[in-house]
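Data first, discussion second: the structure below is written as structure tokens.
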Amino acid sequence: MDTKLFKELGLEDIHGKIQAGERISVEEGERLFACPNVLAVGSLAHLVRRRMHGDAAYYVVNQHINYSNVCVNGCRFCAFGRKKGDSLAFELNVDDILNKVKARTDDPITEVHIVGGCHPDLPFSFYEEALRRIKTLRPEIRIKAFTAVEIAHFAKLEGISTREVLTRLKAAGLDMLPGGGAEVFSTRIRALLCPEKLSGQGWLDVAREAHQMGIKTNATMLYGHLETERERIEHLDALRRLQDETGGLVCFIPLPFQPANTQIKDAQPTTGVEDLKTMAVSRLMLDNVPHIKAYWVMLTVKLAQVALYFGADDFDGTVIEEKIGHMAGAESEQALTRRKLERIIREGGFRPVERDCFFNAVKRG
Amino acid sequence: METGRLLEKAALGERLSIDEAADIYGQADFFGLGQAAHSLRLRKHPDPVVTYVVDRNINYSNICVCGCRFCAFFRAPDQEGGYVLSREDLAGKIEETLGLGGTQILMQGGHHPTLPLSFYEEMLRFIKDRYPIHIHAFSPPEIVHFARLEGVDVGTVIDRLRAAGLDSIPGGGAEILVDSVRKAVSPNKCSASEWLGVMEEAHRQGMRTTATMMFGHEEEPCHRLEHLLALRELQDRTGGFTAFIPWAFQPGNTSIRRSPETAVSYLRLLAVSRLVLDNFDNVQASWVTMGPKVAQLALQFGANDFGSTMIEENVVAAAGVHFRLSVREIRRIIEAAGFKPRQRTMAYGPVEESDRDQS
Chain B
1 MDTKLFKELG LEDIHGKIQA GERISVEEGE RLFACPNVLA VGSLAHLVRR RMHGDAAYYV
61 VNQHINYSNV CVNGCRFCAF GRKKGDSLAF ELNVDDILNK VKARTDDPIT EVHIVGGCHP
121 DLPFSFYEEA LRRIKTLRPE IRIKAFTAVE IAHFAKLEGI STREVLTRLK AAGLDMLPGG
181 GAEVFSTRIR ALLCPEKLSG QGWLDVAREA HQMGIKTNAT MLYGHLETER ERIEHLDALR
241 RLQDETGGLV CFIPLPFQPA NTQIKDAQPT TGVEDLKTMA VSRLMLDNVP HIKAYWVMLT
301 VKLAQVALYF GADDFDGTVI EEKIGHMAGA ESEQALTRRK LERIIREGGF RPVERDCFFN
361 AVKRG
Chain W
366 METGRLLEKA ALGERLSIDE AADIYGQADF FGLGQAAHSL RLRKHPDPVV TYVVDRNINY
426 SNICVCGCRF CAFFRAPDQE GGYVLSREDL AGKIEETLGL GGTQILMQGG HHPTLPLSFY
486 EEMLRFIKDR YPIHIHAFSP PEIVHFARLE GVDVGTVIDR LRAAGLDSIP GGGAEILVDS
546 VRKAVSPNKC SASEWLGVME EAHRQGMRTT ATMMFGHEEE PCHRLEHLLA LRELQDRTGG
606 FTAFIPWAFQ PGNTSIRRSP ETAVSYLRLL AVSRLVLDNF DNVQASWVTM GPKVAQLALQ
666 FGANDFGSTM IEENVVAAAG VHFRLSVREI RRIIEAAGFK PRQRTMAYGP VEESDRDQS
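From first to last, the protein sequence lines stand for chains B and W.
Each residue of the first sequence is one higher than the one before, counting from 1 in the working numbering.
Each residue of the second sequence is one higher than the one before, counting from 366 in the working numbering.
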């Protein structure tokens, strides 16, 4: 894209800053959102993405396990959570979880991703035992489990500090926290959508604590419900400030809200251009977060491939048995094979790199 | 000329040679290609309008003697599951289309082994006698097939169908307009020159048609460009094509084993098509094969039309791909991309603008 175009769009100054590797402000982030030319915004994000990762596009061979959908929170944007006793409620015991891991012992999985609802009465020992037994069964696998929201919930239920929760889970085998439950940090939005849930500040506090203890985390943003673009930018800014402080964020994942089967009936699903612009602005704002993920489960595989040109460098994983997005009407596949992931990345013009949960390249024999 | 200069030239609507087209198709970066195609699109249509048509695909029969390897829809004449639509079903589908604000039907079938030309004439008359609807029907391979079966020339077939009520001819069955590719994937279907011949004759008789390309099966990238050049050459002579519609082959349930084209390759081809077909007014995005999200982005890669609401679609669905969109959703997607949606006819004229369903 030539300089003339950015001048026409009134983005000459931002273009200059991005070229010079300088940080953009919250106001500049808002101007990028307001820009009608998604290709121009995308090309800026692509510049940064190429500078950071060249033509690499990462993916992980992973397994998702949702241990239970029973949840005390009742967030209005969620199609997954159920109250205890609901006919569609489920909870796995530790053996069930182990069986799911065992069922895939022949697959070269490097990461298991475990999240669930905020269950009202599962004892803390359940989570510790699950982690310990997975680690015993497959010591080579990294366990990325429990969002900051679940961590705070365990602490409350067990009557201990979040630091103690993290310490004990780490001792049991926890390697990393996923980025879920961040939604949009705005107190206005959380009051409307998820008043029972851990606050935005609370989420950031748990993430900070984890980082300080040497536990890396991801971070998400659920967008496209009732939030304003300003609230998205403020969310990104809060993460950028946390990252300046701790450096513990590995990957940022923007998640388009899927309205089907949720209580936000009048919301329309996000469109492709909005998804791509949000991806690009995330890359541009989060100059200190190494990776941006195009989560194909929510975006569709086709758009996720295109998103590799709009700031994303990670294609997520093979994801067997995803439930949360699909229960909200996500129309993507249930799983992708490694071969298919690599082909899609290559045909998009990028070089596939298999990674572990910390984004170390995985060497296969 | 270096690739960047070629893109600048193409964006201004200057003609690309096949070598120049190959250069930008192979070398141009993703954003440069999109930007150039979008610039040309804006030169041709300065108003930020994206059109769409409310119509229905009606497949009057799936019985076909062609046996194309890429097709998941057809049934051989002796195979179970073959059908010819009854007049009653046909009428019901048209009434439903009109009820939904539809202006046209896209009617195609297989190469039926025995139905005479009079069957198709009567079908057209049956529709025209009853319904005020535009009939966009019978792709060139069907016309060639009718001519052979009837023992008359293509011009006579078109003339008779036109007299019976045919309004325009859809660009289907073009696949890739290169005979070596056609021999491999659709050996029993009309040749490239026959396909072009039908369109030329239709244009000569004053009928408008569209043109398609089905890519991503067994052709090479150079064949796609040859296809575009063949269309451009005919359009120079007749000006009868209203639009070009490329869509990606969907391999599900077919005899061709390969992976479908990805979104990025689709967008690149779409942009190159916009730039090469400098004498085509309209280029259509394919949400049916690419999904609404990628089709929306296609509006920045040279497409100025969002295609049809597809009240019914059977051929792509037979290959296992099911996307559905309402008129309201199509309008929302177009608006979210920064354009004004406008319902159009087959000839790309506006349907009365009463700011319909703004609710």
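Quick reminder that beta carbons are idealized off the backbone N, C-alpha and C, glycines included.
Being a predicted model, the structure only gives us computed values, none of them experimental.
Residues of chain B with CB closer than 8 Å to the CB of residue i, please, in chain order.
| i | result |
| --- | --- |
| W/R697 | Q268 and T271 |
Which bits of chain W does residue i rub up against, with CB to CB less than 8 Å?
| i | result |
| --- | --- |
| B/Y223 | What B/Y223 touches in chain W: nothing, since even the nearest Cβ is about 14 Å away. |
| B/G42 | F396 |
| B/Q305 | T627, A628 and V629 |
| B/K240 | The question names Lys, but residue 240 of chain B in the sequence shown is Arg. By Cβ distance, chain W contributes nothing, its closest Cβ being about 25 Å from B/R240, past 8 Å. |
| B/I344 | T627 |
Name the chain B residues whose beta carbon is nearer than 9 Å to that of residue i?
| i | result |
| --- | --- |
| W/M655 | K302 |
| W/Q444 | None at all; the shortest Cβ gap to chain B is about 30 Å. |
How should residue i be labelled, buried or exposed, when 16 other C-beta atoms within 10 angstroms of its C-beta is the threshold for buried?
| i | result |
| --- | --- |
| W/S719 | Here the model assigns W/S719 a pLDDT of 47, short of 50, so the residue's position is not dependable, and the following value carries that caveat. That one is exposed. |
| W/S724 | Any reading at W/S724 needs caution, since the residue's pLDDT is 32, under 50, leaving its predicted position unreliable; the model's value is listed next. Under this definition W/S724 is an exposed residue. |
| W/D722 | Residue confidence for W/D722 is low, a pLDDT of 42 falling below 50, so the modelled location carries little weight; the figure read from the coordinates is stated next. Classification for W/D722: exposed. |
| W/S382 | exposed |
| W/M711 | buried |
| W/M366 | exposed |
| W/K544 | Note that residue 544 of chain W corresponds to Asp in the displayed sequence, not to Lys. By the neighbour-count rule (16 or more Cβ atoms within 10 Å), W/D544 is not buried but exposed. |
| B/K302 | buried |
| B/D314 | buried |
| W/S620 | exposed |
| W/R622 | exposed |
| W/E585 | exposed |
| B/K277 | buried |
| W/G617 | exposed |
| B/Q263 | exposed |
| B/M285 | buried |
| B/D356 | buried |
| B/N261 | exposed |
Please name the residue, chosen from the options, that lies closest to residue i on a Cα-to-Cα basis.
| i | options | result |
| --- | --- | --- |
| B/H64 | B/K100, B/C35 and B/R51 | B/K100 |
| B/K84 | B/N93, B/V94, B/D95 and B/V72 | B/V72 |
| W/D532 | W/I523, W/L690 and W/E540 | W/I523 |
| B/V165 | B/G181, B/S87, B/F146 and B/G180 | B/F146 |
| W/R495 | W/A512, W/Q473 and W/R452 | W/R452 |
| B/R142 | B/I151, B/T136 and B/L174 | B/L174 |
| W/M564 | W/P535, W/T619 and W/A683 | W/P535 |
| W/R602 | W/L634, W/F580, W/I610 and W/A567 | W/A567 |
| W/Y425 | W/K409, W/Y448 and W/G714 | W/Y448 |
| W/D443 | W/R434, W/I428, W/C433 and W/A456 | W/I428 |
| W/A539 | W/K705, W/A437, W/T577 and W/F503 | W/T577 |
| B/Y309 | W/I492, W/G397 and W/L377 | W/G397 |
| W/P413 | W/E626, W/I699, W/E678 and W/C555 | W/I699 |
Can you name the residues that DSSP bridges to residue i?
| i | result |
| --- | --- |
| W/I470 | W/R421 and W/I500 |
| B/H15 | Note: B/H15 sits in no beta bridge, so no partner. |
| B/N62 | B/E111 |
| B/E91 | B/S68 |
| W/I428 | W/R440 |
| B/D314 | B/Y58 and B/K293 |
| B/L255 | B/L222 |
| B/F80 | According to DSSP, which records beta bridges pairwise, B/F80 is partnered with nothing at all. |
| W/D670 | W/T416 and W/Q649 |
| B/F359 | DSSP, once it has assigned bridges, lists no residue as partnering B/F359. |
| B/T217 | B/L177 and B/L249 |
| W/Q708 | W/Y417 |
| W/V449 | W/S426 |
Just to check, is the beta-carbon of residue i closer than 7 Å to a non-hydrogen atom of the ligand FAD?
| i | result |
| --- | --- |
| B/Y309 | Ligands in the displayed structure: none, and consequently the ligand FAD is not present. |
Starting from residue i, find everything on chain W with Cβ-Cβ shorter than 7 Å and list it in chain order.
| i | result |
| --- | --- |
| B/L284 | Ordered by position in chain W, no residue passes the 7 Å Cβ test against B/L284, which lies about 15 Å from the chain. |
| B/I189 | Residues of chain W passing the Cβ test: none, with the nearest at roughly 21 Å. |
| B/I14 | In chain order: nothing, as chain W lies at least about 16 Å away. |
| B/M1 | F396 and Q400 |
| B/E347 | T627, V629 and S630 |
Whose Cβ in chain B lies nearer than 7 Å to the Cβ of residue i?
| i | result |
| --- | --- |
| W/V648 | Within 7 Å Cβ-Cβ: nothing; W/V648 doesn't reach chain B, min ~17 Å. |
| W/V659 | G272, K302, L303 and V306 |
| W/A701 | T271, V273 and E274 |
Can you list the residues of chain W that residue i reaches, using a CB-CB cut of under 9 Å?
| i | result |
| --- | --- |
| B/I18 | Under the 9 Å cutoff, chain W gives no residues; its nearest Cβ is about 14 Å from B/I18. |
| B/D275 | K658 |
Original post:
In chain order, which alpha helix (DSSP H) runs of at least 4 residues are fully inside the segment 551 to 587 of chain W?
Top reply: Here the runs fully enclosed are 557 to 569.
Subject >> Ordered list of beta strand (DSSP E) runs contained in the segment 233 to 280 of chain B, each at least 3 residues >> reply: 249 to 256
Original post:
What beta strand (DSSP E) runs, 3 residues minimum, are completely inside the segment 586 to 619 of chain W?
Top reply: DSSP runs (the beta strand (DSSP E)) wholly in the segment 586 to 619 of chain W: 606 to 613.
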